[in-house]
């Protein structure tokens, strides 16, 4: 506790030093923040954003069910946490080039409890229904095509959330006063007042959509771009498909799609395969890749060897004919 308060006071002094010389160098704009009071991100959300470089949470519009939530832990950082009366949470609604704040929720100070962190903290949770309603999208599931398109285009960089602190003396600490939440070398002070719910295009895996005709292109590190040329994928086993025209050379290639649960698990694998030409040369190829269920496309990183020596390294891109 003492260590955190001392660190916080040190941060305040440093920030004040910056503010006296150049306000743009003060990421928290301490001149505008009463007594250095913020709410800081904690728990899994902080680990995701600060350590792993991934979103607090992702929304998948094409498969949304209405059960999704945007949840995170926040701890009050202040010399006197009791000065915080409540937290107002807003979503940023976009209408053309105009952005506006829509109030989603007020979290009273009573919900912040002394528990696993030195200062009072709370778990804040927003439902997908609250957020979609706030940005003007009707939350009926599955979402209609227009709603999906709006989320994937207008909010392709995420749905922004802002939190203002209401202090007991009637003043406010505004999210707008935090101008650069990512400038903290210590995660101890990472603000929870500027967050974003990532919007990701993802479709549930469907094995039945992958057989058929494709355009294939090759992006080789050695010989450059080649293609497109035609191939046909045939189902040969559970989630396994093959073609007889890899490399536009009549070579066979069989691979397996991993049934996905999120974007990161849309993966492709295959074991080493080979042929022996009439001239006696042995060619082999192996690799792995990813697929996009929504677009029916694949990108496979492949190493080709001739008589045991690498002869080509390429990305084999397949786009299904519509």
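In my numbering, the protein residues as written are 6 to 327. Virtual Cβ for every residue (Gly too), placed ideally from N, Cα, C.
Please go through the same chain and pick out, in chain order, the residues whose beta-carbon is closer than 8 Å to the beta-carbon of residue 60, but skip the five residues on each side of it.
So the list reads 53, 54, 163, 201, 202 and 203, once near-sequence residues are dropped.
Which of the three DSSP states, helix, strand or coil, is assigned to residue 62?
The three-state reading of DSSP puts residue 62 in coil, since its state is none of H, G, I, E or B.
Short check: CB of residue 140 to CB of residue 76, under 8 Å?
At least 8 Å separates the beta-carbon of residue 140 from that of residue 76.
Which complete beta strand (DSSP E) runs does the segment 125-204 hold, if anything under 3 residues is left out?
Runs found: 126-132, 164-172 and 199-204.
Between the segment 146-161 and the segment 63-73, can you find at least three pairs of beta-carbon atoms closer than 8 Å?
The segment 63-73 is in contact with the segment 146-161.
Leaving out the 5 sequence neighbours to the left and right, which residues in its chain are closer than 7 Å to residue 113 when beta-carbon positions are compared?
Listed in chain order, the non-local C-beta contacts of residue 113 below 7 Å within the same chain comprise 91, local neighbours out to five positions each way being set aside.
Grab me the residues of residue 208's own chain with a C-beta within less than 6 Å of its C-beta, minus the 5 sequence neighbours each way, in chain order.
Closer than 6 Å at Cβ, skipping near neighbours: 67, 298 and 299.
On the criterion of 16 or more Cβ atoms from any shown chain inside 10 Å, does residue 227 qualify as buried, or is it exposed?
Burial call: exposed.
Can the beta-carbon of residue 237 be found closer than 8 Å to that of residue 301?
Contact flag unset, no.
Quick one: what's residue 314 bridged to in DSSP?
Residue 314 is bridged by DSSP to 311.
is_contact[residue 228, chain C] using C-beta, thresh 8 Å
Included in the structure is just one protein chain, with no chain C present.
Quick check on residue 34: does DSSP put it in helix, strand or coil?
Confidence in residue 34 is poor, its pLDDT being 46 and thus under 50, which makes the residue's placement unreliable; the coordinate value appears in the next sentence. If DSSP states are grouped into helix, strand and coil, residue 34 belongs with coil.
With DSSP as the reference, please indicate the residues paired to residue 74 in a beta bridge.
Bridge partners of residue 74: 132.
Residue 223 and residue 244 closer than 8 Å at C-beta
No, Cβ-Cβ distance for residue 223 and residue 244 is not below 8 Å.
Identity of the residue in 239, 318 and 280 nearest residue 325 by Cα:
With distances taken between Cα atoms, residue 325 lies closest to 239.
Could you tell me which uninterrupted beta strand (DSSP E) segments, each at least 3 residues in length, are contained entirely in the segment 271-315, listed from first to last along the chain?
Entirely contained in the segment 271-315, the beta strand (DSSP E) runs reaching 3 residues are, in chain order, 272-281, 287-297 and 302-311.
CA-to-CA distance, residue 131 to residue 165, given in whole angstroms
One C-alpha to the other measures close to 13 Å.
Going by the beta-carbon positions, is the gap between residue 258 and residue 290 smaller than 8 Å?
Yes, the pair counts as a contact, with Cβ atoms nearer than the cut-off.
Work out the CA separation of residue 280 and residue 287 for me, nearest whole Å.
The alpha-carbon of residue 287 is positioned some 6 Å away from that of residue 280.
Taking just the CA atoms, how far does residue 146 sit from residue 123?
Approximately 41 Å, taken between the alpha carbons.
Which of the three DSSP states is assigned to residue 207 in this structure?
DSSP places residue 207 outside both helix and strand once states are collapsed to three, so it counts as coil.
Under DSSP, the beta strand (DSSP E) around residue 269 begins and ends at which residues?
No beta strand (DSSP E) holds residue 269; DSSP gives it neither H nor E.
Among the candidates 272, 285, 80 and 283, whose CA atom is the shortest distance from the CA of residue 292?
Checked all of 272, 285, 80 and 283; the closest Cα to residue 292 is 272.
Looking at the secondary structure, which residues open and close the beta strand (DSSP E) in which residue 101 lies?
Note, residue 101: premise wrong, no beta strand (DSSP E); not H, not E.
In its own chain, which residues sit with a C-beta less than 6 Å from the C-beta of residue 180, not counting the 5 before and 5 after it?
Excluding positions up to five away in sequence, the list reads 167, 168, 169, 198 and 199.
Quick check: residue 193 and residue 45, are their CB atoms within less than 8 Å of each other?
Yes.
If you count every other CB in all the chains shown that lies within 10 Å of the CB of residue 84, and 16 or more means buried, which is it?
Residue environment for residue 84: exposed (fewer than 16 other C-beta atoms within 10 angstroms of its C-beta).
6 Å Cβ shell around residue 210 - same chain, five flanking residues per side excluded
Excluding positions up to five away in sequence, the list reads 264, 265 and 298.
Span separating the alpha-carbon of residue 182 from that of residue 72
Taken atom to atom, the span from the alpha-carbon of residue 182 to that of residue 72 is near 33 Å.
Ordered along the chain, which non-local residues of its own chain (more than five positions away) have a Cβ less than 6 Å from that of residue 104?
Only 97 meet the Cβ criterion.
Among the residues of its own chain, which have a CB less than 6 Å from the CB of residue 284, if the five just before and after it don't count?
There are no such residues.
Contact check, residue 295 vs residue 172, beta carbons under 8 Å
Annotated as distal: residue 295 and residue 172, with beta-carbon spacing of 8 Å or more.
Is it the case that the Cβ atoms of residue 43 and residue 196 are separated by a distance below 8 Å?
Result yes, Cβ atoms of residue 43 and residue 196 sit closer than 8 Å.
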